[in-house]
Structure formats: C-alpha cells, structure tokens
Amino acid sequence: MKVVIAGAGSVGSSIARELLSHGHEVLLIDAKPEVIGRSGLRGARWLIGDACEISTLREAKLDEADVVVSSTGDDKVNLVVSLLAKTEFGVGRTVGRVNNPKNDWMFDDSWGVDVAVNTPRLMTALVEEAVEIGDLVRLLTLQTGVSSLVEFTMPQDSPLLGATVGSIDWPADSTLVAILRDEAPITPSTDDVIDGGDELFFITTIAAEDELRALLAPAPDQPGRTQPGQTQQN
C-alpha cells in the first residue's frame, strides 16, 4: 500500500514508522528539511514542500496513493490537504488529524476527510471504556461520521444476563462484532450467553446508538420493554 503523510512531526513520523514496519510504501511531505535528519526513519521517501500547494501534491504523485494522512499540528492545513487529495487527485481514503476538538465537526466528507482522528476524544473514550460499566462508550467514528465502534460492559444486575445473543432483538443498524470475556476475545454466535462483566463491541450507525443504549441499559421500569425470556402482559 502506498501512503502519503503530510506533516513529519512526532505524530507523522510515528505513523510512518509503524507503516514501514508493516511493509508499506511511505512518502512524507514537510516544509522543513531538518525533519529528515531527526526523524530516524529508514526506508521512507521524502518531499520537502508545502502540502497545501497543488504543485507539491502533483510532485508527490498523489493520484497514485492509496491513503493520504494529514497529520500536521495545524487543523487548517489538515483540512486543505484532505480536500485536495479527495477532490483533485481522487485518493480513495483520507485520514485527518484533529488538533483542536472544537474543529472536529469540520472533519467530514464535505472537507474530503474519510476518517478523523481526534486524539483528546480518543483518550477520553479509552478512559471511559476502562472504568464505565453499564454505559455505551464510543471508541471510534468510522465512515465520515456515519458509523462508530462502541463498547458496553455488562453490569452484574443487567436484565440481559443469561440471554443468548440470538434471542436479543438488536437494533437493525447495530452489529455485535466481538465479546471480550476474561481478557479473551470471542467471536459472537447466536448461542453465546451474555454474562456479567462481558465487554460487548458493536459496529453501529451514529443514529442507532441511542436505541442500542436503551436496549443495553434500559431505564428502571421503562414501559413497553420486554426482556428475553419474558412475555408482555396486557
């Protein structure tokens, strides 16, 4: 896979190092020549120039890239690079780094961003995932803000305990993709039984998150909700 990274600071260099170790072809673009010497990267190609300039991106042969990563410390630059990569060069996938969480709303397909990486929000999600029980935690936003990866840790008093995966009426736009139990991942089957302490991971649309949350953590005495194994009384 050919990856072009705009911005060879600590973040861009770290991404490049990981990609190189996995055998990918990497080109880094940065305006400062000195970053080459201090990066310590071996096997990467370099282009010194302004990634917001069409001429620089043409020289980088962006039209041949599989992925473009905008990882500078300037959100304006990351948005412009993503937009040019998508609209001028038809790059299949763009990843944009969000530095200021207040700018997160702009990092979507209208600016050519396929995946926005918001480090503060990601760290918050990981903290919540580690300590929150009985609440739905969004770990990652996918597909330009349409879908997400979410996690739910089953509390010991959940009415869903003892139900099989296949007996639960999951929301139409949510898919249970993994169960983490006793530090071991399980590929869910219809016969797997939900247990207290299970960490459930779902791919879901953003719109379906509230419905999934209501199913997993219903309000006490919520009317109209039937739990597995129960029948609704008239």
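Under my numbering, the first residue of the sequence shown carries the number 6, and numbering increases by one thereafter.
Backbone N, C-alpha and C fix where the C-beta goes; we use that ideal spot for every residue, glycine too.
Residue burial classification, residue i (beta-carbon count within 10 angstroms, cutoff 16)
i      : result
Asn123 : buried
Gln237 : Any answer about Gln237 is weak, because its pLDDT of 41 lies below 50 and its placement is not dependable; what the coordinates show is given next. Exposed, by the Cβ-count rule.
Met159 : buried
Ala90  : buried
Asn105 : exposed
Ile59  : exposed
Arg102 : buried
Thr99  : buried
Ser15  : exposed
Alpha-carbon to alpha-carbon, residue j and residue i
i      : j      : result
Gly139 : Glu188 : 18 Å
Asp80  : Gln161 : 43 Å
Asp119 : Leu147 : 8 Å
Ala56  : Gly48  : 21 Å
Leu154 : Phe206 : 7 Å
Ile211 : Leu25  : 33 Å
Ser76  : Arg22  : 14 Å
Asp178 : Arg143 : 15 Å
Thr209 : Ser163 : 21 Å
His27  : Ile191 : 26 Å
Ala213 : Leu141 : 12 Å
Proximal residues to residue i (C-beta, below 6 Å), its chain only, five neighbours per side dropped
i      : result
Gly165 : Note on residue identity: the sequence assigns Leu, not Gly, to residue 165. If we look at Leu165 and ignore the five residues flanking it on each side, its Cβ neighbours are Ile199.
Val85  : Cys57
Val170 : Pro193, Thr195, Asp197
Nonlocal neighbours in the same chain, by C-beta distance under 7 Å from residue i, ignoring five residues either side
i      : result
Ser18  : Ser44, Leu46
Ile20  : Ile10, Val74, Ser76
Gly95  : Asp68
Lys7   : Glu30, Glu69, Ala70, Asp71
Val151 : Thr210, Ile211
Boundaries of the alpha helix (DSSP H) in which residue i is found, first to last residue
i      : result
Glu214 : 214-221
Enclosing beta strand (DSSP E) for residue i [first to last residue]
i      : result
Val103 : 98-103
Val142 : 142-147
Pro190 : 189-191
Asn123 : 120-123
Thr210 : 204-210
Neighbourhood of residue i by C-beta, 8 Å cutoff - its chain only, sequence neighbours within 5 removed
i      : result
Ile173 : Leu165, Ile199, Leu220, Pro233
Thr61  : Ile34, Leu52, Gly54, Asp55
Taking only runs of the beta strand (DSSP E) that begin and end inside the segment 149-184, which ones reach a length of at least 3 residues, in chain order? 152-158
Give the list of continuous alpha helix (DSSP H) stretches no shorter than 4 residues that lie fully inside the segment 9-95. 15-26, 39-44, 59-64, 80-92
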